[in-house]
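Q: First to last, the sequence lines map onto chains L and U.
Just so you know, this note's numbering puts 70 at position 70 of the first sequence, and the rest follows in order with no gaps.
Take any residue in the second sequence, note its place counting from 1, add 334, and you have its number in this note's numbering.
There are 2 protein chains.
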Amino acid sequence: MTTFALSPEVNARASATLARAARTVAPSLDVAVGRLSPALQGAVQHHLAGGGKRVRAALALLSAAAAGAGEEAGVAGAVAIELIHNFSLIHDDIIDGDEERRHRSTVWSEYGIGPAIIVGDALATLALQVLLEEPTAERVRAARCLVDATQLMIAGQADDMAFESRRTITVAECLDMELGKTSALLSCAVSLGAILAGAPDPTVEALAEYGSHLGTAFQAIDDVLGIWGEPARTGKPVGSDLSQHKKTLPVTIALSRGDDNHPELFRLLNGDLPPADMERARVLIEQSGAREETIALADDHLHLALAALDRVPLAVEPKDDLVAIARFVTERDR
Amino acid sequence: MTTFALSPEVNARASATLARAARTVAPSLDVAVGRLSPALQGAVQHHLAGGGKRVRAALALLSAAAAGAGEEAGVAGAVAIELIHNFSLIHDDIIDGDEERRHRSTVWSEYGIGPAIIVGDALATLALQVLLEEPTAERVRAARCLVDATQLMIAGQADDMAFESRRTITVAECLDMELGKTSALLSCAVSLGAILAGAPDPTVEALAEYGSHLGTAFQAIDDVLGIWGEPARTGKPVGSDLSQHKKTLPVTIALSRGDDNHPELFRLLNGDLPPADMERARVLIEQSGAREETIALADDHLHLALAALDRVPLAVEPKDDLVAIARFVTERDR
């Protein structure tokens, strides 16, 4: 079913790259966060202690290195993109009413909605402060990349929310929403290092395209895990995407089928979804072929992401790291 | 009691200036907001239809003109600062649980907390997009001014929230909180036009100082109106600052007195404040002299704001407009 099987070597390479990126970015991230109001430190530290894989930070660092500069040229970009990502997580958790993330209480459930709003706002603002303080003329282009991507992400979140109260959406609408919600920021992450390093346009564009396709592939797999993944590994309650009436790719694809199961699935997905109905909806979505199609779509976009990297000359080691990370983040437990 | 009586001429001049600024900034603000996701337009339009005096936009335009450029040099700054201001209003209304603003339902009470969070995020991001798209080298300094002021404002909001659960704070802590909550953004507003116009540092600094003192004066008067103002004119429910245990200047000053009424006032302000207690608290705060002292503090800062304008050469008409606006916004119905 999957095109790429994740070899132990690729897995080890990606894990080592992510761990190295986390170490590289940690001191600068700590310094940045330390500038925030003392009144916010408790909630910020609570959230950041939850960790996260620092995928976006790694992409920003590798972006600089792939463009021929040292990873240090991408550090401010890595810090900024992590801050924006965490701002979006904190606000998303309020919006979705999620009480847990990475097996820890979310900021709003621990500190209240007001503080969680403010903490998110502070992190988003801090991201721009960090980037605009970079002593290079490229900071304007980098900051524009970041705010444009953030606005696309917000539009994706707005659609995601609006779609919850719609009974059906088209697959194109779903892909477009996910392009905003996930791809925009990943694309920006893997552009930022190259931008800050002053790389030529074709290099920045190829990296951005890699990030965009990677985002679609990543989100497709995330959607699959949101329905069939084990809560112990995803860190989310079982079936929360379905019970929140999220119009994810598997759901949208399944509902786009005109097959015999459609009326039953449609009725189930628009209901309250007690456990028996949840299980039945899961079976019907799988029977429609939507799970396989979503995984195939992820594989297509993974191919496109990797192909983009071959379009321009890139430093060999960082490029291999980008390949490993792409495979790693789209192969998670599917 | 008040140092400045607002003459009909000053009132007319300020009103005309604000109306002109609102007209100047409206087309660019509409274009900017029109770029946001269709899913957000309803909530954004609902909020913006509530109007507002566009004080910050006027300050940004006058800033450019006072520095010797045309007001058009300040338009992007005026749009950006209005967007940041409205982002903060929308998020503040969620945090404070305020259901009405300017006699209309707030975004969260009309559309829900999730959409209100997203709309605020979108406006804040849009502000930076607008400013960073300005085709001038000064955009970096302008954007840094805006994000630094936004971060100070957020810190002020965080303190404001944290202080609600503290029984007492010092007057210095209160002033510091209000400096962040209000002065930072006004100071930035009246710097932005001059920054974008490429004005020399002393000009930008004098305008920033005017804005900072104006912010403190404005907030002090706002605090007085929050306790003694008529709801029909303030647009806020009577005594909402007291019932939310807001540590405003009059409250902080009154509680800092060691007089005979202190134990009763302390008990009242930390209680539920039914109408009779609210009225009694109001009387006790007034008897402590805190109302007069807050107004005197506002007058002091108004003087300091106007004195800052005399420190550098400024274009005559815009300077007179800045003087009129300063008197206008600190004389409201007190």
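The beta carbon of each residue, even a glycine, is placed where N, CA and C say it ideally should be.
Take the Cβ of Glu-134 of chain L as the centre, count every other Cβ of all protein chains shown within 10 Å, and call the residue buried at 16 or more, exposed below.
A: buried
Q: Quick one: grab the DSSP three-state call for Ser-105 of chain L.
A: strand
Q: Can the beta-carbon of Leu-40 of chain L be found closer than 9 angstroms to that of Pro-115 of chain L?
A: Their beta carbons are under 9 angstroms apart, which means Leu-40 of chain L touches Pro-115 of chain L by this criterion.
Q: Nearest-angstrom Cα distance between Gly-74 of chain L and Gly-411 of chain U?
A: 29 angstroms
Q: Restricting to runs no shorter than 3 residues, where is the beta strand (DSSP E) found entirely within the stretch 508-570 of chain U?
A: Unbroken beta strand (DSSP E) stretches of 3 residues or longer found wholly inside the stretch 508-570 of chain U: none.
Q: 9 angstroms is my cut-off, CB to CB: does Pro-361 of chain U come that close to chain L?
A: no
Q: Exposed or buried, Thr-337 of chain U, counting other C-beta atoms within 10 Å across all chains shown (16 or more means buried)?
A: A caution first: Thr-337 of chain U carries a pLDDT of 45, below 50, which makes its placement in the model too unreliable to give a value.
Q: How would you label Gln-379 of chain U, buried or exposed, when you count the other beta carbons within 10 angstroms and need 16 or more for buried?
A: exposed
Q: What's the call for Met-1 of chain L, buried or exposed, on a 16-neighbour Cβ count within 10 Å?
A: Confidence at Met-1 of chain L is low in this model, with a pLDDT of 42, below 50, so the placement of that residue should be treated as unreliable; the coordinate-derived value is given next. When all chains shown are included, Met-1 of chain L counts as exposed.
Q: Would Phe-163 of chain L and Lys-246 of chain L be called neighbours here (beta carbons separated by less than 9 angstroms)?
A: A distance below 9 angstroms separates the beta carbons of Phe-163 of chain L and Lys-246 of chain L.
Q: Have a look at U:His-437, U:Leu-486 and U:Asp-633 and flag the residue whose alpha-carbon is nearest the alpha-carbon of Thr-550 of chain U.
A: U:Asp-633
Q: State the CB to CB distance for the pair Leu-480 of chain U and Ile-429 of chain U, rounded to an integer number of angstroms; the pair is presumed to be in contact (CB under 8 angstroms).
A: At roughly 21 angstroms, the Cβ-Cβ gap does not stay under 8 angstroms, so Leu-480 of chain U and Ile-429 of chain U are not in contact.
Q: So Ala-492 of chain U contacts chain L; which residues on that side make the cut at Cβ distance below 7 angstroms?
A: In chain order: Ser-37, Ala-39, Leu-40 and Ile-118.
Q: Determine the burial state of Gly-563 of chain U: buried for a count of at least 16 other Cβ atoms within 10 Å of its Cβ, exposed for fewer.
A: buried
Q: For Arg-280 of chain L, decide whether its Cβ has a neighbour in chain U, counting only Cβ atoms nearer than 9 angstroms.
A: no
Q: Given this structure, state the Cα-to-Cα distance separating Ala-14 of chain L from Ile-285 of chain L, to the nearest angstrom.
A: 32 angstroms
Q: Of all the CB atoms in chain L, is at least one closer than 9 angstroms to the CB of Arg-473 of chain U?
A: yes
Q: Pull up the distance between the alpha-carbon of Val-646 of chain U and that of Leu-541 of chain U, whole angstroms please.
A: 9 angstroms
Q: DSSP state of Glu-138 of chain L, grouped into three classes?
A: coil
Q: Is there a Cβ from chain L that is less than 9 angstroms from the Cβ of Ala-542 of chain U?
A: no
Q: May I ask you to verify whether the stretch 508-521 of chain U touches the stretch 487-495 of chain U, counting CB pairs closer than 8 angstroms and requiring at least 3?
A: yes
Q: Let me make sure I understand the geometry here. Which of U:Ser-439, U:Leu-340 and U:Ala-391 has the alpha-carbon closest to that of Thr-351 of chain U?
A: U:Ala-391
Q: Please list, in chain order, the residues of the stretch 402-433 of chain U that have any C-beta partner in chain L closer than 7 angstroms.
A: Within the stretch 402-433 of chain U, those residues whose Cβ lies closer than 7 angstroms to any Cβ of chain L are, in chain order, His-425, Ile-428 and Ile-429.
Q: Give me the DSSP bridge partner(s) of Glu-434 of chain U.
A: U:Ser-439
Q: Straight-line CA distance for Ile-452 of chain U to Ala-414 of chain U?
A: 17 angstroms
Q: Could you tell me if Ala-276 of chain L is buried or exposed, where buried requires 16 or more neighbouring beta carbons within 10 angstroms of its beta carbon?
A: exposed
Q: Counting contacts by CB-CB distance shorter than 9 angstroms, is Gln-485 of chain U in contact with chain L?
A: Put simply, the CB of Gln-485 of chain U is near chain L, with a gap under 9 angstroms to one of its CB atoms.
Q: Residues of chain L with a CB under 8 angstroms from the CB of Pro-469 of chain U: which are they?
A: Those within 8 angstroms of Pro-469 of chain U in chain L number zero; the least Cβ separation is about 11 angstroms.
Q: Taking only the alpha-carbon atoms, compute the straight-line gap between Tyr-445 of chain U and Glu-72 of chain L and give it to the nearest angstrom.
A: 44 angstroms
Q: For a minimum of 3 consecutive residues, which ranges assigned as the beta strand (DSSP E) are wholly contained in the stretch 243-311 of chain L?
A: none
Q: Of all the options L:Asp-222, L:Ser-243, L:Leu-242 and L:Gln-244, which has the alpha carbon lying nearest to the alpha carbon of Thr-234 of chain L?
A: It is L:Asp-222.
Q: Which residues in chain U have a C-beta closer than 8 angstroms to the C-beta of Ala-124 of chain L? List them in chain order.
A: Asp-455, Ala-458 and Thr-459
Q: Using the beta-carbon of each residue, which ones in chain U are nearer than 8 angstroms to Gln-129 of chain L?
A: Correct list: Arg-478, Val-481, Asp-482 and Gln-485.
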